[in-house]
Every structure is written in structure tokens, then in C-alpha cells.
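Chains as they are written, first to last, in my numbering: chain A, 314 to 475; chain B, 3 to 151; chain C, 195 to 528. Glycine included, C-beta positions come from ideal geometry on N, C-alpha and C. Predicted, not measured: the structure shown is a model, and the values here were computed from it.
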Amino acid sequence: MSRKKGQEKIFEIKWKTDLPYRYSIGKLAVKFFEELKKNKKIYGSKCPKCGKVNFPPRAVCADCFVEMTLSDMVELPPKGTLEGFTVVNYPFVDPQTGGMRPFPYGYALLKLDGADTYTMHFVNETDYTKLKVGQRVEAVFKEEREGNMGDIPYFKVIKEEE
Amino acid sequence: MSEEIEKKIYRGRIKVPYKHTAGAYVERFITEIGKNNKIMGVKCPKCGKVYVPPKMICFTCFEKMEEWVEVGKQGTVKGFTVVTHSTPVMPLEPPYAYGIITLDGADTDFVHLINESDPKKLKIGMRVEAVFKEKPRKRILDIEYFKAI
Amino acid sequence: MDHFEGINFSEMWCGIESAPGYLKPVVKVATGGTTGSSLAICGYYNVASGIYKNILVIGWEKLNEGGATTGIITAFDPVWERPSLAGALGPLALMAGMYSAKYGITPEQAAKVTVKNRSNAANNPFAHLQMPNITIDYVMSSQMISYPLRLHDVCPQSEGACAIIYANEEETKKITDNPAWVKSVATSHYYTFGTDDKMYDLPTATMASKKVYKKAGIKDPIRDLDVAEIYEPTSWSELAWTEALGFAEPGQGGKLLDEGITQMSGELPVNPSGGVLSTNPIGATALVRVAEAAIQVMGRGEKRQIPDVETALAMGFGGSLWTELLILGKEKLR
Ligand SMILES: [Zn+2]
Ligand SMILES: [Zn+2]
Chain A
314 MSRKKGQEKI FEIKWKTDLP YRYSIGKLAV KFFEELKKNK KIYGSKCPKC
364 GKVNFPPRAV CADCFVEMTL SDMVELPPKG TLEGFTVVNY PFVDPQTGGM
414 RPFPYGYALL KLDGADTYTM HFVNETDYTK LKVGQRVEAV FKEEREGNMG
464 DIPYFKVIKE EE
Chain B
3 MSEEIEKKIY RGRIKVPYKH TAGAYVERFI TEIGKNNKIM GVKCPKCGKV
53 YVPPKMICFT CFEKMEEWVE VGKQGTVKGF TVVTHSTPVM PLEPPYAYGI
103 ITLDGADTDF VHLINESDPK KLKIGMRVEA VFKEKPRKRI LDIEYFKAI
Chain C
195 MDHFEGINFS EMWCGIESAP GYLKPVVKVA TGGTTGSSLA ICGYYNVASG
245 IYKNILVIGW EKLNEGGATT GIITAFDPVW ERPSLAGALG PLALMAGMYS
295 AKYGITPEQA AKVTVKNRSN AANNPFAHLQ MPNITIDYVM SSQMISYPLR
345 LHDVCPQSEG ACAIIYANEE ETKKITDNPA WVKSVATSHY YTFGTDDKMY
395 DLPTATMASK KVYKKAGIKD PIRDLDVAEI YEPTSWSELA WTEALGFAEP
445 GQGGKLLDEG ITQMSGELPV NPSGGVLSTN PIGATALVRV AEAAIQVMGR
495 GEKRQIPDVE TALAMGFGGS LWTELLILGK EKLR
């Protein structure tokens, strides 16, 4: 909040946290990232009971409370559809780096073909007038992959013949 | 750690800038340390207890404290430990020592660094003196550490 | 909350100098955006259960010390969500876009919400953004910060605190002859994993409202409620939330506003305080909704008072898309 004119400067102690952490991603995510790194493939998880396909892969079906294992993982095509979109156009500190997140960037809720759940990711379009709900998109893979989400830096807008 | 476990671990960091509006008492305490190399406390008007670092209200009398008093740069160690284990978020490279120090003229203790990492040379009751930082940065570490005297 | 100010274990600070928690049992409740309503509901449980006679509930936030967007990102999944997440506004923008795409809600209708709430805020001495002369054009010509959200479609970052005293029946008599009574409370979750569903229509608000209405004997919320203080982080969300709470049919939130029903003079005024669009100290925001609902019931709203309030609704909404509701009334629930 901005201070009013004439108001005394408030004594502030400034600091920056820099906390390292280790996060256990689970065995399904291990397979997901292995397949992504080695074979440029995208895997989701399919509930053995109701057949709901989760992408990102989840270990438990939210509807049936059934556990999904490695054998329930299914390959999904790298194409999907925008369900919602925005263009982030405001400055903020990215807590992953401690620096400003570059903006503007396209940001979308998208659904991969064959998946029943959604995921949020970057989209390579910063003009919101060029995006629409239902827009087709395709995952872009990095050539030198490391086995993390950075291997799919963004989804690109595609045109498809009907 | 086994490779199998290592594969499941995502290593991240949380890096966030903050500022803390510390209040008028901390402002005066830290400013006096940085500008004048003085350590100030506040005195309870009822029980006479001197708080260092300063607090607004006496914990025993519930009185508001407004009388500022300078206390000594020297004090007595009430307890200590030597840190030998290293983690990524420490103020110094181990080994280093922490002491619970009561400054001359104060009735409360506070925790600070002691520049002696040999546990054999530290003892309860030993005398220490504040060493001030040459370029203060508005931090409690403007008292860089306490040295044995 | 800890991740906004960078102070963990903040309940330890409820000592003698700030909140009077010294020598008393202190419990911290933090549930994201719903923190304030969780506090309010925990306060109610603590007293209604008979464990305590009197308790003080405090919500607070100092967003100037950190930053809401940065802090919120740290609350989400490090692998799947943090890389692209832009705090709360990114997902709220997605929700607003999906909602308007589905129902044809217009930016004008959204802008009207800001105009209503910020001009209401001019009657509230505690509000952060008081804009008595705000216009639809002013909102619609402000900077696009995350399509379809413009700067004035979103809540500010505020500093502030709110406190409520809960007392049992006997103690209440000693404090006031004009209390607000808690008639019913509900918490609803739907969240499994962040993006399993679209949730722009906030199903948890529908779930929670059915529960509180039933317990408080409310059959038609427009008729049976006299005022509502709801948690609208954006102008678009007030329209969607009013539908989810059963004030209008799905897709009719814009029409509800256009007909003036949620205005100060309408049949069910929404956010006479100015709402979240005017004031948003996150850890206090939902508690402010409850306090404002209580103020309306007690008739202490001064310039923002709605006449003859018998029953009021307060809402908390959080980052995990859950909803908490409280119904307060002049009369005790029989
Ligand atoms: Zn299932
Ligand atoms: Zn005293």
C-alpha cells in the first residue's frame, strides 16, 4: 500500500528467504518424467474402476478412492484443447527463482485428448484476442530434456483440418 | 541415498523477498546499535526490571515501559552451544557458538553469536563483550558477535 | 498467514504486546482465503461446544510485507502447478473467462459489480478503496491485467485486522443486549486435485448454501435473507457466486445485478461494506464478512446499514476452491 504524503518513513527490516526443499513426487510422476525425458511421451493414469483418465497422473481416483499403479498409466497424445485461457500481464516475484517472472505470458486450463481432467500450462500466445475456448494446442518438447516440467516449456496454438 | 529414492525427489527452492515493519522499539534498539554502538533497554516503572532487547509491556506487571536505559556492552554467558552440523540456511559456516547472554544492567537474556568455536574455551559465567559491525545494515547482526574477555 | 509475511509460527506472537493471548490458550487457524471464516466457525464451535465461555477471534494480514501472488504460488504443487501459476489472479481469470464464455456475461456487467461495491465502500470508514464516484467506464478502461480481468475487476492487497468476540448465552447477557446469534455454519470441499474440474461455478458454494439454508430454515434466500456479505475476489466472481448461492439461476447473476436486487436499496443487498473488491487483508477478509454481517444484524452499520436486518449471510472463499458460510440472525435458532 502506498503511504500518504508527510507520513513518516516506517522502519523496515528487509530480507529474502532462500529455503531449499525436497519434495517426494511419487512413483507415477517418476514414470511420467522418465517417459517424457527418454521418449518424448506423455503419460496419464487411468482409474481401473471408472476408467477416468487423469492428466497430470494422479495416484488415487478422486471419484472412486481407488489407487492407481504404474500398470494403470496410459499414453496420451501431445494434443489438446483450451478450456480456459488468460494472458498474465502483471509483475510479481516468482518464488522459484527469487526474481521477477517474465510477463506477459499465455496461461491456460487445457485438456489433453483422451484425458478427463485438466492441467494448467503456458501457451505461446500473448494476444488474448487470438485465443478462444476450444482452441487446439500441442505440446512443445525441448530437445535436451532433463526429466522435469521444463521439458514441455509451453503448448503451441495449432490449426487443424476438420 | 539410493538411486531409486533419489529419482522420486524434486529439489526446489522457495525464494521470497520480505520486509518486516518491526515497530518503534525495535527501530530504536537497532538504530542505536548501528549509529552509536549503544545497547539500549527499557525499564519497567513498577518492578524496575530492564528488558534487553526492549519490549513494550512488562511480562510480570503488565505495565507499559517507556523509560529507555543504556546497558553495558559487556555481559555474562548463561548458557552456550557450539554448532558443528551444517545446513544450507545458517548465518555462519560451522563451527560457531551461540550464547545466552545477560548484559550488565539488564534483567533479561538474549541469544547471540560468540566468536569462539572451541567448546573447551567456553564456560557458563564467562565474560563477553559486543563487537559492532563496521557497516551496519539495520539488523540484529549489527552486533557482529560477542568476544570473550 | 505465514507465507505472506514470511513469519512462521505467527501464533507465538500473540503475546502481551499485540493480541492479549499471554497466559491463555492460543490456537492458530490458517486455511488460505477461507482463514477468516474458518476462524469464525472455530470460534463458534469452541463456545457452542461448551468448552469456553468467551473467546476472542482475530484475523489479520500485512500484505505490504510480502506479496500475495508470490506467497500464494508457494502454497501449490511444486512440480505441476508452481511453474506456470500466477498466484490467485491467473486461475480467477481463467474462471472468469470460462464463466463468461458459457453464459455470455459481459464486461459491463462485471464492471457494475466494482461500481456497486466500491461506491458502497465509501459508506464504510474501514474500507481500503473508497470510490464514491466510480463509473463503469473507469473500470472498463483500466489496464487489462489478466484477460478478462482489468485492474479494477480485482481486489486490492490490503493491510488490516478484524476481531470478533464469541460468548455463550449467559456471558452474552453481560456484554450486550443486542447480539448477533449464529444460526448455522457450513464448510464444503470439492477439491481433489487443483485442476480436476473447472469449478468456475463454485460447486462448494452451492453445497454449503444448501446446508446452512436448511439448518436456518431458509427456503428462498432472496426473500429470507436481508443482506449478504460474500467473498468476491473479482467482479466476475461476485456474479458467479451469487448464482452458486442460489440467489439466481445459473447464468443469471448478471441479470440479478442489472435488476438492482443486490444493490443497497435492493431486495437482497450484497456487500454493503464494499466487499473484497474494496478491502482485502487476506487472513482477515473472510472474518470481515462475518463481522459485517453481525454489524448489520446488530444495526450498527451507520451509513452502510440496511434497514431492519433480521438474517444475514457471510461467506468465505479460498484458494482450494472451498466455501464456508455462516448465517447470523437477530433471533436465536429455536
Ligand atoms: Zn475412478
Ligand atoms: Zn514490571
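- Annotation for E211(C) indicates a beta carbon at 8 Å or more from all heavy atoms of ligand 2.
- Contacts with chain A at 9 Å (Cβ-Cβ) include I16(B).
- Judged by their CB atoms, A282(C) and I299(C) are not nearer to each other than the 9 Å cut-off.
- Secondary structure note for W328(A): its beta strand (DSSP E) is the uninterrupted segment E325 to S337.
- At least one CB atom of chain B sits nearer than 9 Å to the CB of V273(C).
- For G25(B), the closest Cβ of chain A is nearer than 9 Å.
- With respect to V84(B), I103(B) sits apart: the two C-beta atoms are not nearer than 9 Å.
- For V503(C), the closest alpha carbon among the candidates K413(C), A442(C) and P463(C) is that of P463(C).
- The C-beta of P55(B) comes no closer than 9 Å to any C-beta of chain A.
- With the criterion set as a beta carbon lying under 8 Å from some beta carbon of chain B, the members of the region 255–270 of chain C are K256, N258, E259, G260, G261, T264, G265 and T268, in sequence order.
- As computed with DSSP, L507(C) is found in a beta bridge with A422(C) and I521(C).
- With a threshold of 16 other beta carbon atoms within 10 Å, S358(A) meets it and is buried.
- Taking 9 Å as the Cβ-Cβ cut-off, the region 320–350 of chain A approaches chain B at I323, F324, E325, I326, K327, W328, K329, T330, D331, L332, P333, Y334, R335, Y336, S337, I338, G339, K340, A342, V343, F346 and E347, given in chain order.
- Counting other Cβ atoms within 10 Å of its Cβ, F398(A) reaches 16 or more and is therefore classed as buried.
- For I252(C), there is no enclosing alpha helix (DSSP H); the residue is found in the beta strand (DSSP E) stretching over N248 to K256.
- Taking the Cα positions, Q448(A) is about 18 Å away from I465(A).
- Here V54(B) is not near A99(B), since their CB atoms are 9 Å or more apart.
- Distances from the alpha-carbon of V309(C) to those of V482(C), G477(C) and P466(C) put P466(C) closest.
- Y20(B) sits away from K469(A), with the two beta carbons spaced by 9 Å or more.
- Taken through DSSP and simplified to helix, strand or coil, K122(B) comes out as helix.
- With fewer than 16 neighbouring CB atoms inside 10 Å of its own CB, N437(A) falls in the exposed class.
- Counting the other CB atoms within 10 Å of its CB gives H114(B) a total of 16 or more, which places it among the buried residues.
- Within chain C, the residues placing a beta-carbon under 7 Å from that of M58(B) are E211, ordered along the chain.
- Of Y341(C), P214(C), L323(C) and I455(C), the smallest CA-CA separation from Q351(C) is found for L323(C).
- For the region 454–510 of chain C, the full-length alpha helix (DSSP H) segments reaching 4 residues or more read 469–472 and 476–492 along the chain.
- Three or more Cβ pairs closer than 8 Å define a contact, and the region 438–457 of chain A meets that threshold against the region 382–402 of chain A.
- Proximity of I252(C) to chain B, defined by a Cβ-Cβ separation below 9 Å, is not satisfied.
- Under the DSSP assignment, P285(C) falls in the alpha helix (DSSP H) whose first and last residues are L283 to Y297.
- In this structure, G354(C) keeps its C-beta atom at 9 Å or more from the C-beta atom of A487(C).
- Bounds of the alpha helix (DSSP H) holding Y332(C) are I330 to M334.
- For L451(C), no beta strand (DSSP E) run applies; the uninterrupted alpha helix (DSSP H) run containing it begins and ends at G447 to D452, by DSSP.
- Scanning its chain for C-beta atoms nearer than 7 Å, with the 5 sequence neighbours on each side dropped, one finds around C46(B) the residues C60, C63, E65 and M67, in chain order.
- The straight-line gap separating the alpha-carbon atoms of V241(C) and V406(C) is approximately 19 Å.
- At least one heavy atom of ligand 1 lies closer than 8 Å to the C-beta of D376(A).
- For the region 432–447 of chain A, residues whose beta-carbon sits nearer than 7 Å to a beta-carbon of chain C comprise T432, M433, H434, F435, Y441 and V446.
- Contact between the region 325–345 of chain C and the region 207–223 of chain C is absent: fewer than three C-beta pairs spanning the two stretches fall below 8 Å.
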